[in-house]
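Colleague: In case it helps, my numbering puts the sequence shown at residues 81 to 474.
Below is the structure I would like to discuss, written out as structure tokens.
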Amino acid sequence: MTIISKITNKVSKLKVTSKKFIEKISKGILCTIGKINFRNISRYVDINEKTISRNYKDENLVNITELNVIAIEEVYKPENKNILVLDASFIKKSGKKTYGKGKFWDGKNSKVSKGLEISLLALVDTTYKTAYAINATQTTSELKEGETRIDYYLKQLKDNKDYFKEITHLGVDGFYSKKKFLDGAIELHKNIISKLRCDADLKYLYQGDKTGKKGAPRKYDGKVDLKNHKFDYVITSIKGEKLYTAIVYSSSLKRKIKIVLVVNKESKQHIFYSTDLKLSALDIFDYYSSRFQIEYLFRDSKGFTGLEDCQSTNENILNTHFNMSFFVLNSAKVEDRILKGEENTEPFSMLSYKRRASNLQMLNLFIHKFDVDLTSNKMASAYHDLIQIGSIAC
């Protein structure tokens with residue numbers, strides 16, 4: 081995984097010891113079979129589990145968000161259609177003294193459960209249909225008086241506002257469709273792309289002439305009825321979904337928004353919207369659809385880089401563990417993109433990447449122990465084949 085060294089070399093004021101630690105831990109996370117906890121990682125790298133824990137606890141180890149940003153910049157193209165996305169994920173965790181443990185929404189089981197929650201800010205390249213993590217922040221379980229969790233999600237946006245600030249659109253799911261969140265995001269120069277319930281209170285904007293009567297001019301032209309709407313037809317997608325659009329007023333959000341009504345073959349309706357009134361209907365639809373790429377970050381980090389495997393109860397250790405999990409995943413995706421080239425649209429497989437990394441470590445150990453000569457063409461070919469064992473795609 082040569083990309084790790086390239087990334088750490090670009091980090092400002094990073095100690096040599098920290099650089100070596102990050103590189104070894106990243107390699108360990110990739111090669112470890114089973115739970116990605118400190119004891120298990122220590123079996124694959126020459127670092128004691130207590131040393132790993134001590135480094136993870138050190139607030140000055142490294143800014144992992146900076147590592148993520150540097151990794152993304154290796155493949156980032158401003159000319160592509162890029163958006164930022166924000167979403168939360170439930171983390172299973174036991175222990176009464178674990179920092180941040182509380183009751184959070186568990187989407188997998190569709191209920192509120194005891195555990196942890198992380199909020200992830202990510203970048204989605206809609207051109208290549210892939211996502212990269214920027215920052216993971218643990219959601220607090222103890223709110224101050226007058227605060228809601230929306231305040232903490234907005235704080236995460238504010239803390240990371242200097243990264244990719246040229247991207248002005250933020251994709252979020254329907255939970256974030258609240259006036260408080262929209263106002264906070266717009267103050268940070270981010271236009272929201274999200275979803276509304278089908279029973280949302282929407283009003284047509286009045287387009288007629290002024291009446292000349294006394295009083296405030298007329299603003300609205302009746303409530304929107306989705307069964308008999310007056311929206312403009314846009315297009316019918318390949319899947320048979322019909323798209324309609326209009327600029328309307330949202331009573332709950334207290335602002336004008338541009339909506340895209342999607343009606344599928346079963347006549348089920350979905351309302352996507354943007355606070356950017358100039359954004360095209362197709363872009364709103366495409367951006368919101370691409371928002372789902374963040375779910376693959378959660379899936380791969382939980383399945384392959386140990387997002388849920390940390391056994392510590394310490395706040396700093398948990399924070400470092402969550403972000404290291406995403407950093408290793410980012411690095412793998414970036415290196416895979418670079419090796420395949422810009423024209424290759426083959427989907428990324430973390431299973432294959434991790435399998436090859438594990439095979440490579442074991443193969444190099446055999447070569448070192450048995451003093452194998454790789455100079456012959458036959459051995460070089462066998463070396464490549466052995467690395468690929470168990471991977472989905474070579």
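Glycine included, C-beta positions come from ideal geometry on N, C-alpha and C.
Enumerated in chain order, which unbroken segments of the alpha helix (DSSP H) with a length of 4 residues or greater are wholly contained in the stretch 370-439?
Modeller: Runs of the alpha helix (DSSP H) inside the stretch 370-439: 373-384 and 395-420.
Colleague: Beta carbon of S274, beta carbon of D253: below 8 Å?
Modeller: Against the sequence shown, residue 274 aligns to sequence position 194. Against the sequence shown, residue 253 aligns to sequence position 173. It is a contact, given that the beta carbons lie within the stated cut-off.
Colleague: Thinking just about the alpha-carbon of each residue, which of K161, S174, K299 and N344 is nearest to the one in E388?
Modeller: Here residue 388 refers to the residue found at position 308 when the sequence shown is read from its first residue. Of the candidates K161, S174, K299 and N344, the one whose C-alpha sits nearest the C-alpha of E388 is S174.
Colleague: So the candidates are F407, F365 and I397; which of them puts its Cα closest to the Cα of Y324?
Modeller: In the sequence shown, residue 324 corresponds to position 244, counting from 1. Ranking the options by Cα distance to Y324, first place goes to F365.
Colleague: Buried or exposed for Q373, going by 16 or more other Cβ atoms inside 10 Å?
Modeller: Residue numbering aside, residue 373 sits at position 293 when the sequence shown is read from its first letter. By the 10 Å Cβ count, Q373 comes out buried.
Colleague: For T316, list the residues DSSP reports as bridge partners.
Modeller: Taking the first residue of the sequence shown as position 1, residue 316 is located at position 236. T316 pairs with K322.
Colleague: Does the beta-carbon of S405 have 16 or more other beta-carbons within 10 angstroms, so that it is buried, or is it exposed?
Modeller: One-based indexing of the sequence shown puts residue 405 at position 325. Buried, by the Cβ-count rule.
Colleague: Measuring only the C-alpha atoms, how far is K104 from V452?
Modeller: On the sequence shown, residue 104 is found 24 positions in, with the first residue counted as 1. On the sequence shown, residue 452 is found 372 positions in, with the first residue counted as 1. Straight-line Cα distance between these residues: approximately 24 Å.
Colleague: Entirely within the stretch 168-255 and at least 3 residues each: give me those beta strand (DSSP E) ranges in chain order.
Modeller: If we require 3 residues or more, the beta strand (DSSP E) runs fully inside the stretch 168-255 come out as 182-186, 191-205, 210-218 and 249-251.
Colleague: When we look at the beta-carbon of T455 and count the other beta-carbons within 10 Å, is it buried (16 or more) or exposed?
Modeller: As a first step, residue 455 is located in the sequence shown; it is residue number 375 there, counting from the start. Answer is exposed; the Cβ neighbour count stays below 16.
Colleague: How would you label H401, buried or exposed, when you count the other beta carbons within 10 angstroms and need 16 or more for buried?
Modeller: Numbered from 1 along the sequence shown, position 321 holds the residue referred to as residue 401. Classification of H401: buried, given that the 10 Å Cβ count is 16 or more.
Colleague: By the 10 Å Cβ neighbour count, where 16 or more other Cβ atoms means buried, how is S169 classified, buried or exposed?
Modeller: Counting from 1 along the sequence shown, the entry for residue 169 is found at position 89. Under this definition S169 is a buried residue.
Colleague: For Y313, is the classification buried or exposed, using 16 other Cβ atoms within 10 angstroms of its Cβ as the cut-off for buried?
Modeller: Here residue 313 refers to the residue found at position 233 when the sequence shown is read from its first residue. Answer is exposed; the Cβ neighbour count stays below 16.
Colleague: I'd like to know if the stretch 271-285 and the stretch 294-304 are in contact, where contact means that at least 3 CB-CB pairs between them fall below 8 Å.
Modeller: Verdict: yes, contact present.
Colleague: Within the continuous alpha helix (DSSP H) that includes G108, where are the two ends?
Modeller: Locating residue 108 in the sequence shown gives position 28, counting from the first residue. Residues V96 to C111.
Colleague: Less than 8 Å between the beta carbons of L196 and I230, yes or no?
Modeller: Along the sequence shown, one-based indexing puts residue 196 at 116. Along the sequence shown, one-based indexing puts residue 230 at 150. Taking 8 Å as the Cβ cut-off, L196 and I230 do not qualify as a contacting pair.
Colleague: In angstroms, rounded to a whole number, what distance separates the CA positions of S392 and K176?
Modeller: Taking the first residue of the sequence shown as position 1, residue 392 is located at position 312. Taking the first residue of the sequence shown as position 1, residue 176 is located at position 96. Between S392 and K176, the C-alpha separation is close to 12 Å.
Colleague: Can you tell me the Cα-Cα spacing of K412 and K334, whole angstroms?
Modeller: Position 332 of the sequence shown, counted from the start, is the residue given in the question as residue 412. Position 254 of the sequence shown, counted from the start, is the residue given in the question as residue 334. The question names Lys, yet the displayed sequence has Ala at residue 412. Taking the straight line from one Cα to the other gives about 43 Å.
Colleague: Let's see if you can read the secondary structure: which residues bound the alpha helix (DSSP H) around V149?
Modeller: The residue labelled residue 149 in the question sits at position 69 within the sequence shown. Note, V149: alpha helix (DSSP H), I144 to E153.
Colleague: How close, in whole Å, do the beta carbons of L166 and S199 come, if the pair is a contact with beta carbons under 8 Å?
Modeller: The residue you call residue 166 lines up with position 86 of the sequence shown. The residue you call residue 199 lines up with position 119 of the sequence shown. Correct: roughly 7 Å between the Cβ atoms.
Colleague: When the Cα atoms are used, what is the spatial distance from K336 to T316?
Modeller: Translated into the one-based positions of the sequence shown, residue 336 becomes position 256. Translated into the one-based positions of the sequence shown, residue 316 becomes position 236. Their Cα atoms are separated by approximately 25 Å.
Colleague: If you check the beta carbons only, do I87 and I144 fall under 8 Å apart?
Modeller: For the purposes of this step, residue 87 is taken as residue 7 along the sequence shown, with counting starting at 1. For the purposes of this step, residue 144 is taken as residue 64 along the sequence shown, with counting starting at 1. Against a cut-off of 8 Å, the Cβ pair of I144 and I87 comes out as no contact.
Colleague: Count the CB pairs spanning the stretch 463-471 and the stretch 422-440 that are closer than 8 Å, and state whether there are at least three.
Modeller: They touch, by the three-pair rule.
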